[in-house]
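Quick note: the sequence shown uses numbering that gives the first Met the number 0, first residue 0, plus one each step. Beta carbons: idealized from backbone N, C-alpha and C, even for Gly. One structure below.
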Amino acid sequence: MPIVGLGLDLCSIERIQRILDGPRRDAFLARVYTDGERAYCAPRADAASAFAARFAAKEALVKALGVPPGVRWRDMEVVRDGGPPRFVLSGVALEVMEARGWDAMLALTHDAGVAAATVVLQTK
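Given below as structure tokens:
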């Protein structure tokens, strides 16, 4: 399967922690993260790291796709179901991936105050 796209993004965990501690917390979480992502990340002791990694993943996917018009944060959900993290897509993100016949691979990490994500797009 040929590689057709690559995206990389970094996100400051401290920046996400400031948002989580601030007055716009609920609005930010509702705008950027799906219900499933909030349920997974919020109860964790390292919630800011988990949210930051997902923020970076969404940014990396958008970059790999070439910033398609109309894509929304919640069109991209990062899930963990016993294997590596992966995307569950909807809306414009899903339409673009299906129209192009692409699949996404995702890697997440966080250390030293930074969360990072790499997305590799390949043909199905």
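Buried or exposed by the 16-neighbour rule on C-beta atoms within 10 Å, applied to residue i
i	result
Val133	Given that the chain is displayed from residue 0 to residue 123, the structure contains no residue 133 and the question cannot be resolved.
Leu5	exposed
Glu97	exposed
Lys57	buried
Ala49	buried
Arg126	Outside the shown range of the chain (0 to 123) lies residue 126, about which nothing can therefore be said.
Glu13	exposed
Arg43	exposed
Arg24	exposed
Ala111	exposed
Residue i and residue j closer than 8 Å at C-beta
i	j	result
Ala51	His109	yes
Arg15	Leu120	According to the sequence displayed, residue 15 carries Ile and not Arg. No, they are not a contact pair.
Residue of the options minimising C-alpha distance to residue i
i	options	result
Trp72	Arg30, Gly81, Cys10 and Ala106	Arg30
Leu60	Gly81, Val113, Leu9 and Arg24	Leu9
Asp74	Leu93, Pro84, Pro68 and Leu105	Leu93
Leu88	Tyr32, Gly81 and Gly82	Tyr32
Val78	Tyr39, Asp102 and Pro22	Tyr39
Arg99	Gly21, Leu64, Val70 and Ala116	Leu64
Identified DSSP bridge partners for residue i
i	result
Cys40	Bridge partners of Cys40: none, in fact.
Trp101	Thr122
Ile2	Gln121
Asp8	Ala116
Tell me the start and end of each unbroken alpha helix (DSSP H) in the segment 61–115 that is at least 4 residues and wholly inside, in chain order. 90–99
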